[in-house]
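J.:
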Amino acid sequence: MEKIDELDRKILNVITRNARIPFKDVATKCGVSRAAIHQRVQKMFDNGVITGSGYQVNAEMLGYTRCVLIGVELTSGAKYKSVVEELKQIPEVVDEYYTLGAYAMLIKMFAKNDQDLLRLLNALQNIEGISKTETLTCLEQSIERSLPIE
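Going from the sequence shown to my numbering is simple: count from 1 and add 1076.
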């Protein structure tokens, strides 16, 4: 069952390009009332079509000079949920994925410098259920975008 219609797609095309655009401007671009935009956007939040809204912050401006992706092996798949709960307690962990392949989990984490990274890696490796980690240092992020709305 499709959760969105053509008007929802038009709205998503506008707001995913500029999340700060006023609803009155979205309404003008979509040819409907401002109230209709409010109702549609709220409905998309309620139905899980839109999962968040907010600002993206430049980590370097906050003093984080290291971005790393970490492959995590677990002692057993049964430990996944408890490991996730522990990861939630580390604010520098910003993304976590349960994966198939070489690693059970892939996480994205920021550190202020090499010493901070060492501290964070030690914290990760002390979490019960994590058996091994592999750290990949990010040099540059060239693409960051939402899926196209078709």
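Think of the CB as a built atom: it goes at the ideal place given N, C-alpha and C, for glycine as much as any other residue.
For clarity, every value in this text was computed on a predicted model and none was experimentally measured.
1. So the candidates are Ala1103, Arg1096, Lys1184; which of them puts its Cα closest to the Cα of Arg1142?
2. Touch check for the segment 1145-1153 and the segment 1196-1216: three-plus C-beta pairs under 8 Å?
3. Output the boundary residues of the alpha helix (DSSP H) element that contains Tyr1156.
4. Could you tell me which residues DSSP pairs with Cys1143 in its beta bridges?
5. CA-CA distance, Met1077 and Val1125?
6. On the three-state DSSP scale, how would you describe Asp1122?
7. Where does the unbroken alpha helix (DSSP H) through Ala1102 begin, and where does it stop?
8. Taking a contact to mean a Cβ-Cβ separation below 9 Å, would you say Ile1097 touches Leu1088 in this structure?
9. If we count the other Cβ atoms within 10 Å of its Cβ and call it buried at 16 or more, is Val1117 buried or exposed?
10. Taking the alpha helix (DSSP H) that Asn1091 falls in, what are its first and last residues?
11. Taking Val1144 and Ala1187 to be in contact with their CB atoms under 8 Å, please state how far apart those CB atoms are, rounded to whole angstroms.
12. Taking the alpha-carbon positions, what's the Ala1180 to Leu1215 distance?
13. How is Val1117 classed by DSSP in three states: helix, strand or coil?
14. Of all the CB atoms in chain C, is at least one closer than 9 Å to the CB of Leu1150?
15. Quick one: what's Val1169 bridged to in DSSP?
16. With a CB to CB cut of under 8 Å and the five nearest residues on each side skipped, what residues in its chain are close to Asn1234?
T.: According to the structure data:
1. Within the sequence shown, residue 1142 is the residue found at index 66, counting from 1. It is Lys1184 whose Cα lies nearest to the Cα of Arg1142.
2. yes
3. Within the sequence shown, residue 1156 is the residue found at index 80, counting from 1. Looking at the DSSP string, the run of the alpha helix (DSSP H) that includes Tyr1156 is 1156-1163.
4. Residue mapping note: residue 1143 aligns to position 67 of the sequence shown, counting from 1. Beta-bridge pairing links Cys1143 to Phe1186.
5. To locate residue 1077, count along the sequence shown from 1; it is residue 1. To locate residue 1125, count along the sequence shown from 1; it is residue 49. Residue placement at Met1077 is poorly supported in this model, since its pLDDT is 42, which falls under 50; the coordinates are not used for a value here.
6. For the purposes of this step, residue 1122 is taken as residue 46 along the sequence shown, with counting starting at 1. In the structure shown, Asp1122 sits in a helix (DSSP, three-state: H, G or I).
7. Against the sequence shown, residue 1102 aligns to sequence position 26. The question names Ala, but residue 1102 in the sequence shown is Val. 1099-1106 is the extent of the alpha helix (DSSP H) around Val1102.
8. Numbered from 1 along the sequence shown, position 21 holds the residue referred to as residue 1097. Numbered from 1 along the sequence shown, position 12 holds the residue referred to as residue 1088. The answer is no: Cβ separation not under 9 Å.
9. Here residue 1117 is taken as the residue at index 41 of the sequence shown, counted from 1. By the 10 Å Cβ count, Val1117 comes out buried.
10. Here residue 1091 is taken as the residue at index 15 of the sequence shown, counted from 1. Note that residue 1091 is Ile in the sequence shown here, rather than Asn. Run containing Ile1091: 1082-1093, per the alpha helix (DSSP H) assignment.
11. On the sequence shown, residue 1144 is found 68 positions in, with the first residue counted as 1. On the sequence shown, residue 1187 is found 111 positions in, with the first residue counted as 1. That belief holds up - the Cβ atoms of Val1144 and Ala1187 are roughly 7 Å apart, short of 8 Å.
12. The residue labelled residue 1180 in the question sits at position 104 within the sequence shown. The residue labelled residue 1215 in the question sits at position 139 within the sequence shown. Approximately 24 Å, taken between the alpha carbons.
13. Stepping through the sequence shown from its first residue, residue 1117 is reached at position 41. Reduced to three states, the DSSP call for Val1117 is helix.
14. No chain C is present in this structure, which holds just one protein chain.
15. Here residue 1169 corresponds to residue number 93 of the sequence shown, with the count starting at 1. BP columns for Val1169 point to Met1185.
16. This structure cannot settle anything about residue 1234, because the visible part of the chain is limited to 1077 through 1226.
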